[in-house]
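Student: Residue numbering for the sequence shown follows the UniProt record's numbering, starting at 1 and increasing by one per position.
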Amino acid sequence: MLQKLFTDHPADVGESYFQHFGESVRFSATMFVGSLACLVHAIIPALCVRTGSGIIRKLHDRMVVNRTKQRPFAE
């Protein structure tokens, strides 16, 4: 049962636990940078005008579009 908590979802997306861990950490770090850019933009609207939306677009492509190309999406 406990092992399923760590292996089922990564297997569902075609990754090992450590592959999924690494990708999730990279994704999280990128989201953090995007969050900081949005915060800077909130304080000074002339800065980071497109940075946050660009990061969201890249993350979406990495997570949804590219993964769908690798294997059919099933939910």
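All C-beta atoms, glycine included, are put in the ideal place defined by N, C-alpha and C.
Can you determine whether any heavy atom of the ligand ATP sits closer than 7 Å to the C-beta of residue 52, and answer yes or no?
Tutor: Questions concerning the ligand ATP fall outside what the structure shown contains, since it holds no ligand whatsoever.
Student: With a 10 Å radius around its C-beta and 16 neighbouring C-beta atoms as the bar for buried, classify residue 45 as buried or exposed.
Tutor: Along the sequence shown, read from residue 1 onward, the residue named residue 45 stands at position 45. When all chains shown are included, residue 45 counts as exposed.
Student: Tell whether a beta-carbon distance below 8 Å holds between residue 55 and residue 33.
Tutor: The residue given as residue 55 occupies position 55 in the sequence shown. The residue given as residue 33 occupies position 33 in the sequence shown. For residue 55 and residue 33, yes; Cβs fall inside 8 Å.
Student: With DSSP run on the structure shown, which of helix, strand or coil describes residue 5?
Tutor: Residue 5 sits at position 5 when you count from the first residue of the sequence shown. Note: residue 5 maps to helix in three-state DSSP.
Student: Could you check what DSSP says for residue 44 in three-state terms: helix, strand or coil?
Tutor: Against the sequence shown, residue 44 aligns to sequence position 44. DSSP places residue 44 in coil when its eight states are reduced to three.
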